[in-house]
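Data block below; observations after.
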Amino acid sequence: MKGKADNLPVGEDTIAAIATAPGEGGIGIIRISGPEAETILRAVFKRVGIKPDASWESHRMYYGHLVEKTEILDEGMAVLMRAPRSYTREDVAEMQLHGGTWILQKALTLCLEQGARMAEPGEFTRRAFLAGRIDLTRAEAVMGMIAARGEQQHRAAARQLQGGVTAFVRAAADELYGIQAGLAACVDYPEEISEEEGAADMIPRIEKLMETLRSGIQERSSRLLQEGLRVTLAGRPNVGKSSLLNALLGEEKAIVTDIPGTTRDLISGEMNLGGIRVLITDTAGVRETEDKVERLGVERTRKAMAEADVFLLVVDGSESLQPEDRTLIAEMPENGAIVLNKTDLTRGVEEEEIRALAGNREILSCSALDPESLRGIKAYLRRFTELSDRMAVTQPRHLDALRRAVASLEAALETVKTLTPDMAATDLQAAQAALGEITGDQADEKLLDAVFSQFCVGK
Ligand SMILES: Nc1nc2c(ncn2[C@@H]2O[C@H](COP(=O)(O)OP(=O)(O)OP(=O)(O)O)[C@@H](O)[C@H]2O)c(=O)[nH]1
Ligand SMILES: [Mg+2]
476 MKGKADNLPV GEDTIAAIAT APGEGGIGII RISGPEAETI LRAVFKRVGI KPDASWESHR
536 MYYGHLVEKT EILDEGMAVL MRAPRSYTRE DVAEMQLHGG TWILQKALTL CLEQGARMAE
596 PGEFTRRAFL AGRIDLTRAE AVMGMIAARG EQQHRAAARQ LQGGVTAFVR AAADELYGIQ
656 AGLAACVDYP EEISEEEGAA DMIPRIEKLM ETLRSGIQER SSRLLQEGLR VTLAGRPNVG
716 KSSLLNALLG EEKAIVTDIP GTTRDLISGE MNLGGIRVLI TDTAGVRETE DKVERLGVER
776 TRKAMAEADV FLLVVDGSES LQPEDRTLIA EMPENGAIVL NKTDLTRGVE EEEIRALAGN
836 REILSCSALD PESLRGIKAY LRRFTELSDR MAVTQPRHLD ALRRAVASLE AALETVKTLT
896 PDMAATDLQA AQAALGEITG DQADEKLLDA VFSQFCVGK
């Protein structure tokens, strides 16, 4: 099976767009795709030293001028890539001009005057998909590649672009076809395969397929890539939470004073660790208080503590442990560490006492006044940003479809076990449809609109 959904039309007109980012740059690229690409290119770009009527060699760069009738507007390079050896499998022309806003707009306008239509976001890639050159997951990977802000996001997109997700999903779809065929056989030829035999064959196969699909659903990796790691700093007042936030971010984000109860609300900032976004939230110091605002702040602290991926409980290392510290350590979730702050001052806290309370949790120490001392905390957080190298489906759209496929398989399994195999056909079909949505083998216009509208124009 190819990547293209058979029911969808391939573009027939010629589209054009500025492919480079808006703003000034050394070079700007105009892209044209469709049956009229060569005609339009010839009309707006004149090669230097070559007769106008001479043919354009495919995949060859020519030096020349962007022209409006006889007036030279710019100089640059142009290439024609004849179908099917192009990104869209249509004739594609690209002009590299000077990257100025006016000149690129002008060049685009000239192309439109020659009969091109302004491309919609992602339309070039959509055409590549419709022509069967790439499947939907790879089209989306192109976008992921452009949007990647760090190494790990890039790696996930690269894996997807190389067809990792597609191979995984297609193998599952093939196995599912096998199961569906087995089912059809025992419905069509009951005298050869009894329903019991059919069911006995199918149950382990469906179970195994569900297991495989589940192994591809890596929620944690997906969340890390899409949303980042959420870290919450909490502790009693005045231990240095806000100072630590500022030190980690390298900017004065939160107000710091020696008055306990300074921070009243959640304050967040972002840093990058190993290519993963890390969102750090500073909170109001936890204590019993009559102050209404502070009390509301403490409620928010508790909520942020519960929602964190990693929890850092800050303790003032220059004082002995206070009852509030002990309560917080006792209440603290498993996913976190205790941070002994203010190590630049004389130690006041009993190491043994903390150890006894901490259980298996790590105890880190630092001084918010000394950026060098934050290394231990950063190394600790980095451990949570590591993604497994196993093939993972990480895009929300794919995860959603995979979950639906698993749910339909669960329903099918239940039917096969309790009722007759033939009644499972609908659920198996639903599972197949969900898998087909991921690769685009079964995609409708609405799904494609949703996917490609997120692209940039010119890609
Ligand atoms: N010597 C020293 N002082 C620190 C350190 N960290 C914070 N302080 C001081 O401790 C005081 C309280 O710091 P904050 O960062 O406002 O403490 P907080 O935990 O955010 O306090 P609340 O917002 O009231 O809950 C300030 O006077 C800081 O300058 C540290 O590592 N060493
Ligand atoms: Mg504070």
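Adding 475 to a residue's 1-based position in the sequence shown gives its number in our numbering.
The beta-carbon is built from N, C-alpha and C at its ideal position, and this holds for glycine as well.
Whole-angstrom distance between residue j and residue i, CA atom to CA atom
| i | j | result |
| --- | --- | --- |
| A480 | V644 | Per-residue confidence for A480 stands at a pLDDT of 42, beneath the threshold of 50, marking its modelled position as unreliable; the derived number appears in the next sentence. Near 16 Å, if we compare the C-alpha coordinates of V644 and A480. |
| R822 | S848 | 16 Å |
| A614 | Q571 | 24 Å |
| V567 | A494 | 13 Å |
| S718 | A843 | 6 Å |
| L803 | N721 | 23 Å |
| A491 | F520 | 14 Å |
| D649 | E550 | 52 Å |
| G750 | P497 | 26 Å |
| G499 | L741 | Here residue 499 turns out to be Glu, not Gly, going by the sequence shown. Approximately 39 Å between the Cα atoms of the pair. |
| M618 | V932 | 11 Å |
| M552 | Q580 | 17 Å |
| T576 | L541 | 15 Å |
| S793 | S697 | 40 Å |
| D558 | E511 | The sequence given here has Ala at residue 558, not Asp. Distance between the alpha carbons of A558 and E511 is about 12 Å. |
Any non-hydrogen atom of ligand 1 within 6 Å of residue i CB
| i | result |
| --- | --- |
| K934 | no |
| P871 | no |
| V761 | no |
| A491 | no |
| N835 | no |
| D733 | yes |
| V814 | no |
| S842 | yes |
| V714 | yes |
| D924 | no |
Residue i, buried or exposed, once every other Cβ within 10 Å from all chains shown has been counted against 16
| i | result |
| --- | --- |
| I547 | exposed |
| H873 | buried |
| K934 | buried |
| T893 | exposed |
| L688 | buried |
| S883 | buried |
| D919 | exposed |
| P712 | buried |
| V536 | Position check: residue 536 holds Met in this sequence, whereas Val was assumed. Label assigned to M536: exposed. |
| E769 | buried |
| P896 | buried |
| Y562 | buried |
| V824 | buried |
| E588 | exposed |
| G597 | buried |
| G478 | Confidence at G478 is low in this model, with a pLDDT of 38, below 50, so the placement of that residue should be treated as unreliable; the coordinate-derived value is given next. Buried: at least 16 other Cβ atoms inside 10 Å. |
| D757 | buried |
| I505 | buried |
Residue i Cβ short of 6 Å to ligand 2 heavy atom set
| i | result |
| --- | --- |
| S697 | no |
| S848 | no |
| S717 | yes |
| T738 | yes |
Closest residue to residue i among the options (Cα-Cα distance)
| i | options | result |
| --- | --- | --- |
| V789 | R762, L741, S530 and S840 | S840 |
| Q870 | A633, A833, S561 and E745 | A633 |
| L708 | E588, L771, E595 and L787 | L787 |
| A880 | N810, A909 and D663 | A909 |
| I755 | M677, A729 and D766 | A729 |
| R850 | R602, L699, L723 and H540 | L723 |
| R752 | G703, A899 and T776 | G703 |
| A783 | L856, L832, D766 and A831 | L856 |
| Q797 | A781, Q627 and I829 | I829 |
| G524 | E511, Y538, E532 and T600 | Y538 |
| G503 | G574, P559 and E487 | G574 |
Taking the runs of the alpha helix (DSSP H) that are 4 residues or longer, which of them lie wholly in the region 593 to 675? Fully contained in the region 593 to 675 are the following alpha helix (DSSP H) runs of length 4 or more, in chain order: 598 to 605, 611 to 622, 626 to 636 and 639 to 663.
Length at least 3, wholly inside the region 502 to 579: the beta strand (DSSP E) runs in chain order: Taking only runs of at least 3 residues, the beta strand (DSSP E) segments lying wholly in the region 502 to 579 are 520 to 522, 536 to 543, 546 to 556 and 567 to 574.
Can you give, in chain order, each stretch of the beta strand (DSSP E) that sits fully within the region 810 to 848 and has at least 3 residues? 811 to 816 and 838 to 840
Give, in chain order, every unbroken run of the alpha helix (DSSP H) that is at least 4 residues long and sits entirely within the region 706 to 733. Listed in chain order, the alpha helix (DSSP H) runs fully inside the region 706 to 733 are 716 to 724, counting runs of at least 4 residues.
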